[in-house]
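A.B. asks:
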Amino acid sequence: MFRFIIKSFAFQKLRNNIIPIPKRTVTSFSSLFIGYNIQYNNIQNIFSKTILRTRQNNVCSKNKYLLSRYNHDIPRVHRNCWKCNSEIDYLSIHCNRKDCGVIQNVFPNDVTYFEILGVGKKVNGQLQPTYDIDSDQLRKNFLLLQQRVHPDSYSTKEDRQEYNYASQQSSLINKAYQVLRDPLSRAKYMLKLNNISISESESLQDQELLMEILDVREQLEEATNENNVKVIKNESEDKINNILAELSQAFSSNDFCMAKESTVKLQYWYNIRNATIDWQPGKRIEIYH
Amino acid sequence: MLRSVLTRNFGLISQTATRTSARPIAFNLTRSYHEKVIDHYERPRNVGSLPRTDSDVGTGLVGAPACGDVMKLQIRVDERTNKIVDVKFKTFGCGSAIASSSYMTERVRGMSLEEAGKIKNTEIAKELSLPPVKLHCSMLAEDAIKSAIKDYKSKRGAASAQNVNNINQQSSAQAIV
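Chains as they are written, first to last, in our numbering: chain A, 2 to 290; chain B, 535 to 711.
1. Specify the secondary structure class of residue 89 of chain A as computed by DSSP and reduced to three states.
2. Taking the straight line between their C-alpha atoms, what separation do you get for residue 664 of chain B and residue 632 of chain B?
3. Considering Cα atoms alone, identify which of A/102, A/95, A/280 and A/259 is closest to residue 170 of chain A.
4. How would you write the range of the alpha helix (DSSP H) that residue 620 of chain B sits in, first residue to last?
5. Can you grab the Cα-Cα spacing for the pair residue 75 of chain A / residue 688 of chain B, in whole Å?
6. Give a yes or no on whether the minimum CB-CB distance between residue 677 of chain B and chain A is below 8 Å.
7. Check residue 79 of chain A in the structure and name its three-state DSSP category.
8. Figure out for me which residue from A/149, A/105 and A/249 has the closest Cα to the Cα of residue 267 of chain A.
9. Using a 10 Å radius around the Cβ and a threshold of 16 neighbouring Cβ atoms, would you call residue 668 of chain B buried or exposed?
10. Confirm, please, whether the CB-CB distance from residue 622 of chain B to residue 592 of chain B is below 8 Å.
11. Shorter than 8 Å from the beta carbon of residue 623 of chain B to some beta carbon of chain A?
12. Between which two residues does the beta strand (DSSP E) holding residue 605 of chain B run?
13. Express the C-alpha separation of residue 710 of chain B and residue 263 of chain A in angstroms, rounding to a whole number.
14. Could you say which of B/640, B/698 and B/671 lies nearest to residue 620 of chain B if we only look at CA atoms?
15. Below 8 Å between beta carbons is the criterion; list the residues of the segment 587-600 of chain B that meet it against any residue of chain A, in chain order.
16. Within 10 angstroms of its Cβ, does residue 638 of chain B collect 16 or more other Cβ (buried), or is it exposed?
17. Could you tell me whether the segment 101-110 of chain A touches the segment 134-142 of chain A, where touching means 3 or more Cβ pairs closer than 8 Å?
18. Run through DSSP, which three-state label would residue 154 of chain A get?
19. Using a Cβ cut-off of 7 Å, pull out every chain B residue sitting near residue 269 of chain A, in sequence order please.
20. On the DSSP bridge assignment, give the partners of residue 95 of chain A in chain order.
21. Excluding five sequence neighbours on each side, which residues of the same chain lie with their C-beta closer than 8 Å to the C-beta of residue 181 of chain A?
22. Could you tell me the alpha carbon to alpha carbon distance between residue 257 of chain A and residue 269 of chain A, rounded to whole angstroms?
23. How many whole angstroms separate the CB atoms of residue 566 of chain B and residue 693 of chain B, which I take to be in contact at a CB cut-off of 8 Å?
24. Just grab the DSSP bridge partners of residue 598 of chain B for me.
25. Anything in the segment 205-226 of chain A with a Cβ closer than 8 Å to a Cβ of chain C? List those residues in chain order, please.
26. Quick check on residue 105 of chain A: buried or exposed, where buried means 16 or more other Cβ atoms within 10 Å of its Cβ?
27. Assign residue 206 of chain A to one of three DSSP states: helix, strand, or coil.
28. Can you name the start and end residues of the beta strand (DSSP E) that residue 124 of chain A belongs to?
29. Taking the alpha helix (DSSP H) that residue 129 of chain A belongs to, which residues open and close that run?
30. Measuring only between beta-carbons, confirm whether residue 687 of chain B sits less than 8 Å from chain A.
31. So, are the CB atoms of residue 618 of chain B and residue 586 of chain B less than 8 Å apart?
32. Hey, quick one: how far does the alpha helix (DSSP H) through residue 270 of chain A stretch, first residue to last?
33. Pairing CB atoms from the segment 212-222 of chain A with CB atoms from the segment 673-692 of chain B, are three or more of them under 8 Å?
34. With a CB to CB cut of under 7 Å and the five nearest residues on each side skipped, what residues in its chain are close to residue 168 of chain A?
35. If you check the beta carbons only, do residue 201 of chain A and residue 600 of chain B fall under 8 Å apart?
36. Residue 103 of chain A: which of A/282, A/164, A/251 and A/255 sits nearest, CA to CA?
Listed below in structure tokens is the structure:
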């Protein structure tokens, strides 16, 4: 119990940033472009070209994509409280000054969901995205944050501004939690952070995977009772667990090519698992996106 | 509880938004499938399988990774006329994907391989009145037929290479004899 209290205090300290951020002197030209997707890395350029090509096979560059955007030395800009104009940290939700302490607006897009919810791997004072996160810690952080920003606590203040900011903060935290909680959306988000997206115009040519999925789908179609369906459901659960392990391995070694393939596989098996859950005898299987 | 608060918030925000406009704008918020898509979905044509191992059957197997759809399109081609005499499909995907592949099978029946390869996804999208968000489903159908044609041609290529080998062996056997 005490450990929980201590952990929560530590987390709140981090959020209000009593830990000082080291001052960074602007030495390189590229660091002036804060928040812009300027290619300071040739590999990143090749990748974005690969995504823009449509109707191509799903073959990504075999170069291991080592530099993620968030490993780069981007100086974080300080911002000012909207009420008392004192300087506050990038990540703060409330103003640092004791006599002010009002809730702040949502921070700019540069901040990842991992930093918002306080999970990930700590590198140089920043939280880097990782695929393996402690889901208990995630949930605890989420609940703590919601306690602080929930609009219900701000509905009686005369200044409507605070209520609006609280609503926006609360929505953002909800969204971050939903994305990070589910392994598939977490994988897609992490790919997006590295400028890799599974675009709708891409076509999958991996015949092995497609054959497998087709077979399982046909089995599911022919299933006549709950037991048959249960077998397929267990198979899909096993497959999903294997793919999660693959994904974890791929992300930790920064092999985004592998991560993308595994994410695609995961999407297919997720659909099958959902179909087995929704299954009813005689009912046609619907697929929703 | 959180969800009800958030919906209340959005209700307030939308109220403040409409207060600025002079009159309320009424628009249809529900988007539904076009009746042609529903027709193809409820009564799909040419569902089934052809034997994969037949030498005159080409199988196209494609998938859309973004949504997790899989589509199989099989064509049986008459070798003499190079026309598609039979076609079957199996699609596991959304209604638009099923409708696109069903419509594609109707379209290519009786066509020659060249004509079938020229069908564009825009044709299918126009015929089924697909919304922009579902255009990739028609793209998938176009990919499927192209893949089936390619598979058939590679089978024929392998078969004719086999034939040439056999004839060579026969002639060399005869020469020896």
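All residues carry an ideal CB built from backbone N, CA and C; glycine is no exception.
C.D. replies: The relevant details are as follows:
1. Residue 89 of chain A: strand per DSSP, three-state reduction.
2. Distance between the alpha carbons of residue 664 of chain B and residue 632 of chain B: 12 Å.
3. Nearest C-alpha to residue 170 of chain A: A/95.
4. Element bounds for residue 620 of chain B: not the alpha helix (DSSP H) but the beta strand (DSSP E), 617-626.
5. The predicted position of residue 75 of chain A is uncertain, since its pLDDT is 49 and thus under 50; a value taken from the coordinates is nonetheless stated next. Approximately 52 Å, taken between the alpha carbons.
6. By this cut-off, residue 677 of chain B is an interface position.
7. It is coil, neither helix nor strand.
8. Ranking A/149, A/105 and A/249 by CA distance to the CA of residue 267 of chain A puts A/249 first.
9. It counts as buried.
10. It is not a contact, given that the beta carbons lie outside the stated cut-off.
11. Taking Cβ atoms only, chain A never reaches closer than 8 Å to residue 623 of chain B, which makes this a no.
12. Residue 605 of chain B -> beta strand (DSSP E) spans 603-612.
13. Straight across, the Cα-Cα distance linking residue 263 of chain A with residue 710 of chain B is about 57 Å.
14. Measuring from the Cα of residue 620 of chain B, the nearest candidate turns out to be B/640.
15. Hits within the stretch, in order: 595, 596, 597, 598, 599 and 600.
16. Residue burial is scored here from C-beta neighbours: residue 638 of chain B has at least 16 other C-beta atoms within 10 angstroms and is therefore classed as buried.
17. The segment 101-110 of chain A vs the segment 134-142 of chain A: no contact.
18. Correct three-state label for residue 154 of chain A: helix.
19. Contact note: residue 269 of chain A reaches chain B through 602, using a C-beta cutoff of 7 Å and chain order.
20. For residue 95 of chain A, the beta-bridge partners assigned by DSSP are A/104.
21. Taken in chain order, the residues that qualify are 114, 115, 118, 120, 134, 139, 187 and 190.
22. Each residue's Cα considered, the two are about 19 Å apart.
23. 48 Å between Cβ atoms; not a contact.
24. In DSSP, residue 598 of chain B forms a bridge with B/603.
25. Looking for chain C here will not work: the only protein chains present are A and B.
26. Of the other Cβ atoms in all chains shown, 16 or more fall within 10 Å of the Cβ of residue 105 of chain A; this residue is therefore buried.
27. If DSSP states are grouped into helix, strand and coil, residue 206 of chain A belongs with coil.
28. Start and end: 122-124.
29. From DSSP, residue 129 of chain A is part of no alpha helix (DSSP H) but of the beta strand (DSSP E) over 127-129.
30. Residue contact check for residue 687 of chain B against chain A: no CB pair falls below 8 Å.
31. The answer is no: Cβ separation not under 8 Å.
32. Residue 270 of chain A: member of the alpha helix (DSSP H) spanning 257-279, first to last residue.
33. No: the two stretches stay apart, fewer than three of their Cβ pairs being nearer than 8 Å.
34. Cβ within range, chain order: 152.
35. For residue 201 of chain A and residue 600 of chain B, yes; Cβs fall inside 8 Å.
36. Looking only at A/282, A/164, A/251 and A/255, the smallest Cα-Cα distance to residue 103 of chain A is reached by A/164.
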